[in-house]
Amino acid sequence: MLRAVPDANIFVSALICSKGNSAKICARVDEFASCTSDAILKEVERVVHYDHIYKKYNLDEAIIDQHLQKLRRSHIIVSGTYEVHGVVSDPDDNKFIACALEAGADYIISGDPHLLNLKHYRDIQIITPRAFLEILDREKAAK
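Here the sequence shown stands for residues 2 to 144, numbered as in the numbering used here.
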């Protein structure tokens, strides 16, 4: 089974847009091993509380809490003991590389140019949500 680490932006996008590629990925978590960490989930919680997101998308604490609980139930949460430094030009994005290494992930799914510009790190491919959905479709068709 494929193992992937969705970036926090995937989880945030899935919450605010139920029809986009990020939501499609979250809806298909039974087709791959989706891995995350407490640090990534904390970033999701922090970002959805930004005023320009919270107010624009009419979020409330119950919706956010429900989303975070669903993420915790449906994803493999790694311990977060791996640390990576100096890999990504935005140091805050190193947590996604660390999570992927700890999880033994094949992919990092992101819309973040800092990560996407790397294209890969060791054996981990860094791809867009659309590219990951295409991979899932090919995997499903091959079965």
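No residue lacks a Cβ here, since even glycine has one placed at the ideal position from N, Cα and C.
- Here H53 carries a helix assignment [DSSP, helix/strand/coil].
- For C18, no alpha helix (DSSP H) segment is defined, and its DSSP state is neither H nor E.
- The alpha-carbon of V89 is positioned some 18 Å away from that of T82.
- For F133, same chain residues with a beta-carbon under 7 Å away, outside a window of 5 residues either side, are A5, I26, Y108, I110 in chain order.
- Between P114 and I11, the CB-CB gap reaches or exceeds 8 Å.
- The beta-carbon separation of A9 and C18, rounded to 15 Å, does not stay under the 8 Å limit for a contact.
- The C-alpha of E84 is placed about 23 Å away from the C-alpha of L69.
- Closest by C-alpha distance to L3, out of N59, S14, A34, is A34.
- Here the C-alpha atom of D138 lies approximately 13 Å from the C-alpha atom of V30.
- In this structure, L102 is the residue among L102, L60, S38, K57 with its C-alpha nearest to the C-alpha of I125.
- Restricting attention to S75, R47, S38, the CA atom closest to the CA of E62 is found in R47.
- Beta-bridge annotation (DSSP): Y83 is not paired with any residue.
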